[in-house]
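Taking it in order: structure first as structure tokens, then the write-up.
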Amino acid sequence: MIGEFRESGQASPFYIFVVAILLFFALAYFAVGQAGALRNGAQSAADAAALAAAKESRDTFELTEENLGDLLTGVLLSEEAGCAAAGSFAAQNQAALTGCEFLDDGRWGSRVAVRSNDSMTGTVLPSIEGEQAVSTATAVVTPRCTIASGEDRESPLPEALDCVDGELDLDPDDLPSMADLFDIKLAAE
120 MIGEFRESGQ ASPFYIFVVA ILLFFALAYF AVGQAGALRN GAQSAADAAA LAAAKESRDT
180 FELTEENLGD LLTGVLLSEE AGCAAAGSFA AQNQAALTGC EFLDDGRWGS RVAVRSNDSM
240 TGTVLPSIEG EQAVSTATAV VTPRCTIASG EDRESPLPEA LDCVDGELDL DPDDLPSMAD
300 LFDIKLAAE
């Protein structure tokens, strides 16, 4: 058996190389998934914080007979940003509030920014190790009612409002709550 070639063991280095490459890609894929989960968590925290800020702004506004008409037509807006509530909701969602401001674009609402408390760990990509997710969200206060047709729009307090749920009669001695008159919604930046 002179000249017989023995190939046993020759494929082992190739298989080790392929397995190492596959392991690297699996760990890199895990890092991408971890980054996505962090980003989703930060976005959830930002959404909750923005909604809480807008709700606080709406609920702390003092409704009077004189300002109801202006409030419904968007002439009068609350300038309370509601940042205390935003910080609390961000913290409940494992994030820190990094910015909170009243909208200055003619809408009534708040814009918040958050940074996740968690960071990227144990990845094969050293450039993202320790990175935290950041996210922003905007929530606005929108009217659920309009001044009923046929009402005197110059009158400080109309007799009725056309609302999403039907007509709402107004009593000057018992004004409806702000939650009955306004919704809170997430909005595009």
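Numbering (the numbering used here), first residue to last: 120 to 308. Beta carbons are placed, not taken as given, at the ideal position from N, Cα and C, and that holds for glycine.
Using a Cβ distance threshold of 8 Å, S229 and A210 do not count as a contacting pair. When secondary structure is reduced to three states using DSSP, A267 falls in the coil class, being assigned neither helix nor strand.
Inter-residue distance for L190 and A203 is about 23 Å (C-alpha atoms, whole angstroms). Between A267 and G160, the C-beta spacing is not below 8 Å. F301 has P262 as its beta-bridge partners, per DSSP.
Leaving aside the five residues that flank C282 on each side, the residues in its chain whose CB is nearer than 6 Å to its CB run, in chain order, R263, C264.
The Cβ-Cβ distance between T255 and A279 does not fall below 8 Å. Sixteen is the threshold: when 16 or more other Cβ atoms of the shown chains lie within 10 Å of the Cβ of P277, as they do, the residue is buried.
The C-beta of A165 has 16 or more other C-beta atoms within 10 Å across all chains shown, which makes the residue buried. For L280, the enclosing beta strand (DSSP E) covers residues 279-282.
S207 places its beta carbon 8 Å or farther from that of A173. The bridge partners DSSP lists for S229 are F221, A258.
Under the criterion of beta carbons closer than 8 Å, A154 and M239 qualify as touching, at roughly 6 Å. Taken atom to atom, the span from the alpha-carbon of V138 to that of D237 is near 31 Å. When DSSP assignments are scanned along the region 148-209, no uninterrupted stretch of beta strand (DSSP E) that is 3 or more residues long falls wholly within it.
In the DSSP assignment, V253 forms a beta bridge with R234. Going by beta carbons, L222 and M297 fall outside the 8 Å limit. The beta carbons of A205 and S235 sit no closer together than 8 Å.
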